[in-house]
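Residue numbers (my numbering): 1 to 164. Notes for the one structure printed next.
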Amino acid sequence: MQLKSKARKKYIITALILIMLLILAGCANSSDSFIKNEVNPQIDVLGVKLLMDEKSALETVGSEGEKAMCVYGYEYDYSDKLINVGFNSDTKLVRRVCSKNPETSIYGIKPGMELSQAYEIISSNGFKKDSKYNFQKEKVILSIISMKGTNADGITIEINPDQK
1 MQLKSKARKK
11 YIITALILIM
21 LLILAGCANS
31 SDSFIKNEVN
41 PQIDVLGVKL
51 LMDEKSALET
61 VGSEGEKAMC
71 VYGYEYDYSD
81 KLINVGFNSD
91 TKLVRRVCSK
101 NPETSIYGIK
111 PGMELSQAYE
121 IISSNGFKKD
131 SKYNFQKEKV
141 ILSIISMKGT
151 NADGITIEIN
161 PDQK
């Protein structure tokens, strides 16, 4: 009788562990799904998307960028195209897209647009204000670059490196 009880406890513990792992895996997938289904369609920066692999991103941009290390991995700067693409050093996937190119947009915000109009777009897309120029939704940060506080001179979208 004692042996059956111990085996039963092991079975229950194993089942609980498997359930927890499935739940955690589902949470990770929902975040990636949010990025792929909601965020990426809103990024119009030379075809680069978040979570894109390095080789595909570099081919999509189509020119040689200057590679440099950065705090959360590495990046390629394309000064001729006024964009910058950051990568996670562990996964080699795009984690940040930044543009100062007025021919590009993120969530319809184009570099050069008035800040009030940019803020309206950000708010209407459900991003919550973290600071004057930073907004967050799930684990995605949308940031405005503004030199004089009147226009969005640039825009950045990135996966928050502090949220796994």
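Don't be surprised by glycine CBs; every beta carbon is placed ideally from N, CA and C.
Reference Ser146; option with closest CA among Asn160, Asn125, Asp130 and Gly112: Ranking Asn160, Asn125, Asp130 and Gly112 by Cα distance to Ser146 puts Gly112 first.
Beta-ladder partner(s) of Met52, from DSSP: In the DSSP secondary-structure assignment, Met52 is not bridged to any residue.
Cβ neighbour criterion (16 or more within 10 Å) applied to Glu75: Classification for Glu75: buried.
Option in Thr150, Leu115, Leu82 and Phe87 with minimal Cα separation from Val71: Relative to Val71, the option among Thr150, Leu115, Leu82 and Phe87 whose CA is nearest is Phe87.
Touching by the beta-carbon criterion (3+ pairs, under 8 angstroms), the region 78-86 and the region 127-136: Short answer: they don't touch.
Cβ-Cβ distance between Leu93 and Glu54 below 9 angstroms: Closer than 9 angstroms, so yes.
Beta carbon of Arg95 nearer than 9 angstroms to that of Glu158: It is a contact, given that the beta carbons lie within the stated cut-off.
Proximity to Ser124 [Cα-Cα], best of Pro41, Tyr107, Val140 and Thr60: When the alpha-carbon of Ser124 is set against those of Pro41, Tyr107, Val140 and Thr60, the nearest one is in Tyr107.
Reduced DSSP secondary structure (H/G/I, E/B, other) of Thr60: Looking at Thr60 - three-state DSSP - the assignment turns out to be helix.
Through-space distance from Leu51 to Ser131, alpha-carbon basis: Each residue's CA atom was taken as its position, placing Ser131 and Leu51 some 25 angstroms apart.
Residue burial classification, Gly154 (beta-carbon count within 10 angstroms, cutoff 16): That one is buried.
Distance between beta carbons of Lys139 and Gln117, contact taken as under 8 angstroms: Actually they do not touch by this definition, with Cβ atoms about 26 angstroms apart.
Per-residue DSSP class, three states only, for Asp153: Asp153 sits in coil when the DSSP states are folded into three classes, being neither helix nor strand.
Environment of Ser33 [buried if 16+ CB atoms lie within 10 Å]: Looking at its Cβ environment, which holds fewer than 16 other Cβ atoms inside 10 Å, Ser33 is exposed.
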